[in-house]
Every structure is written in structure tokens, then in C-alpha cells.
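Trainee: This is the structure I have questions about; it appears just below.
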Ligand code: SF4
């Protein structure tokens, strides 16, 4: 049983799987407290209906895409072993978007780790991350990004993403940074340009 704020079929807008149709499961509850969070309504888990994992997966099966992204809120507040096991049994590729602030759980084909300054990640995320996606809100965030890049696996993809409201202020610095640090690439929130969820 998990609190589900919303679940919807759309196109992954950011990160390494940009452009791929995906079913998003947004779990309620987050204790990270990012000042620029664009889903603050997700923070209180009690506000959202508690659904069984069979019901969650049955709804995902309605759509033709077989990529599921579990997001939040902070989805690792919950043990994701049962939900991801069932999703994989039903033929889904399982992805997660997490700040890593809680112990890792679940069976994932792709783990997008987006650390936040507001709550330190749990050490278990580093060996599991396939993608390190750091939101750049301020120029000091480049140092923060490198600190976490030093801890992830060598083949972990490294992405810098402008915070949407600060994009015009930080974009030039991000472009300059990836040109001089080519182990990084840029991620954009393309779903916001496409005006889709
Ligand atoms: S971790 Fe995500 S959901 Fe939680 S406050 Fe930060 S941006 Fe919002």
C-alpha cells in the first residue's frame, strides 16, 4: 500500500530518457524541503489516497508504454521492493527519480539520483545511481555537483539541469561548464517547453 498523489501517462521530459513515453507514479510524502520545489503539494503523504500495488500496476497496464517512472515527493521514503517486483513481473522497465535521502530499495532498471542540499543523501544511493542529475540554481551548485560525482559509479551519467525559474541566469554558466568539463552534459526540462505534465 502506497500514497499516490497522481499517476499519468506522458513523455519523460528530462534526463537520459528524454522523449520516451512513460507512465509516472508520483508518490506522496517528502521531507527534503527544497525551496524551489515545484510539487510542494506532494510533501504531506496523508493528503493522498493509499492504493494497493495491484491497483497501481493495473492502471499502468492500460497504456501501451512499458516504461514506468516512480517519482514524488521522495519515493524512497517507502520500501519499493513490492511495487517494483510486481511492475517487472508485468513487463515494465522500472525507473526512479530520487533525492536519495532515504535508504535505497526496489528493483530498478534505471536510477536517476538528484541530490538536494536540503537533506543529505543516504550512502546507499551512490552504488545504485545510473544517472546523477544536479539542478543548478546558483553557481555554487557546480561544486555540489562535483562532490557527488566523486562518489557515484564510474559509468554513472552526469547531467546538469538549470532550475526552471533561474534558467536565464544560470544557462550560460552551465554551457561554459560542460564545454570545459565534458564528462557532464546538459539536461533540460523539455516537458515544460512542450507544456505536458
Ligand atoms: S526532493 Fe523533490 S519533492 Fe522533495 S522537496 Fe525536493 S524537489 Fe520537492
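Numbering (UniProt numbering), first residue to last: 1 to 197. Virtual Cβ for every residue (Gly too), placed ideally from N, Cα, C. Since this is a predicted model, take the numbers as computed values, not measurements.
1) Verify the contact flag: residue 111, CB atom, against every heavy atom of the ligand SF4, threshold strictly below 6 Å.
2) Where does the unbroken alpha helix (DSSP H) through residue 171 begin, and where does it stop?
3) Mind the definition here: the region 97 to 110 touches the region 67 to 86 only if three or more C-beta pairs lie below 8 Å; say whether that holds.
4) Nearer than 6 Å: is that true of the beta carbon of residue 19 relative to any heavy atom of the ligand SF4?
5) On the criterion of 16 or more Cβ atoms from any shown chain inside 10 Å, does residue 150 qualify as buried, or is it exposed?
6) Spatial neighbours of residue 112 within its chain, please: C-beta separation below 6 Å, excluding the five flanking residues on both sides.
7) Looking only at its chain, what residues have a beta carbon closer than 6 Å to the beta carbon of residue 6, apart from the 5 residues adjacent to it on each side?
8) If we ignore side chains and look at the alpha-carbon of each, how far apart do residue 192 and residue 19 end up?
9) Can you name the residues that DSSP bridges to residue 95?
10) Using only CA atoms, which one of 28, 59, 37 and 57 lies nearest to residue 48?
11) Alpha carbon to alpha carbon, how far is residue 141 from residue 173? Give it in angstroms, no decimals.
12) Given residue 91, which residues of its chain have a CB within under 8 Å of its CB, disregarding the five upstream and five downstream residues?
13) Threshold first: 3 residues or longer. Then list the beta strand (DSSP E) segments lying entirely within the region 11 to 94, N to C.
14) Which of helix, strand or coil does DSSP assign to residue 153?
15) If you count every other CB in all the chains shown that lies within 10 Å of the CB of residue 35, and 16 or more means buried, which is it?
16) Is residue 73 closer than 7 Å to residue 42 when the C-beta atoms are compared?
17) Any heavy atom of the ligand SF4 inside 6 Å of the beta-carbon of residue 74?
18) Can you look up residue 125 in the DSSP assignment and give me helix, strand or coil?
Mentor: In short:
1) no
2) Segment 167 to 180, the alpha helix (DSSP H) holding residue 171.
3) yes
4) no
5) Classification of residue 150: exposed, given that the 10 Å Cβ count is below 16.
6) 15, 97, 131 and 133
7) Closer than 6 Å at Cβ, skipping near neighbours: 26.
8) 12 Å
9) 69 and 110
10) Closest by alpha carbon: 28.
11) 11 Å
12) Taking C-beta separations shorter than 8 Å and ignoring five residues to either side along the sequence, the partners of residue 91 in its chain run 66, following chain order.
13) 21 to 27 and 67 to 71
14) The answer is coil: DSSP assigns residue 153 none of H, G, I, E or B.
15) exposed
16) yes
17) yes
18) helix
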